[in-house]
Amino acid sequence: MALLTKSTFLKGCQCHKYIYLDKYYKKEKDPLSDEQRKKYEGGHIVGAMAQKLFAGGLDVSNISKSRDVLLQETKKLIEQGHTILYEATFEYNNVLVMADVIVKDDKEWKIYEIKSSQKISVTNRTDAALQYYVIKGSGLPIKEFHLSCLNYPRTEVIEMKAEEIPSNLFQFEDVTSFCKEQLTIVEEKIKDLKTTLALPSIPSTPTGDHCNSPYTCEFIGFCNRPQQEINEGLFS
Ligand code: SF4
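The sequence shown lines up with residues 1 to 236 when you count with this note's numbering.
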């Protein structure tokens, strides 16, 4: 059973308390803002556009909601000779990732991670490095890993009709060398986060600039509550 996912790994890189709360105190999350909801929805629309660019693939995530089934189906589809998969699912060292698009190239695979922003960020590179570590560790031979972002503002892109989508909607960056260089660092970070998740109580990280960087933490409301109120809420 996976202990970490791509999402929890990135939360842990932002703040140890964040990953701990996300794992054990999900009910304490702040409600999703309209802006965050729109961002998630926009991400799904852009993801669907990317699948059209790599047409003819099979979306593994449509097969099941069970992670174990997704892992088994990914393995089976690869063995059956499928050459393009969306949301292919891999696990290694108790970390589970789903790759946006994987494309077979001869005997190896090219991985594409699709972002709905106009710029590739440091966090996007960390995300790519984690995926590379897990997918490689799971046994899939990787030829290249590419990050992709938009050439147009997301707000414009999500309003585009099918016939309006430009051929240069995405720009790509090959981050394979970066991912290879990060393998040891990723492994150390996973170890560090597993140690955090094994703690007997919530880490006492104070709030600060990191609460909004790179993303707005989902537990700001919880962390800003007076300590006595938190204790009463957790143990009532
Ligand atoms: S609000 Fe800040 S301190 Fe609290 S979990 Fe989130 S990032 Fe960590």
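Even for Gly, the Cβ is constructed at its ideal location relative to N, Cα and C.
- Please go through the same chain and pick out, in chain order, the residues whose beta-carbon is closer than 7 Å to the beta-carbon of Asp127, but skip the five residues on each side of it. Lys6, Leu10 and Glu113
- Item | Sequence-ordered residues whose beta carbon comes within less than 5 Å of a heavy atom of the ligand SF4 | Cys15, Lys17, Tyr18, Thr205, Thr207, Cys211, Cys217, Phe219, Ile220 and Cys223
- In its own chain, which residues sit with a C-beta less than 7 Å from the C-beta of Lys107, not counting the 5 before and 5 after it? Pro141
- Query: Would the beta-carbon of Thr74 fall within 9 Å of that of Val60?
  - Reply: yes
- Query: Helix, strand or coil: which one does DSSP assign to Tyr86?
  - Reply: strand
- Item | Ile63: first and last residue of the uninterrupted alpha helix (DSSP H) it sits in | No alpha helix (DSSP H) holds Ile63; DSSP gives it neither H nor E.
- What separation, rounded to the nearest whole angstrom, lies between the Cα atoms of Lys29 and Cys211? 13 Å
- Task: Please say whether Leu150 and Ser117 have beta carbons closer to each other than 9 Å?
- Result: yes
- Item | Element boundaries [alpha helix (DSSP H), containing Ser7] | Lys6 to Gln14
- Message: Here's the rule: buried if 16 or more other CB atoms are within 10 angstroms of the residue's CB, otherwise exposed. What is Tyr40?
- Response: exposed
- May I ask you to list the residues that DSSP assigns as paired with Ala162? Partner(s): none; Ala162 has no beta bridge.
- Task: Inspect the beta-carbon positions of Lys110 and Glu144 and report whether they are closer than 9 Å.
- Result: yes
- Report, in whole angstroms, the separation of the C-beta atoms of Tyr18 and Phe219, which I expect to be a contact under 8 Å. 6 Å
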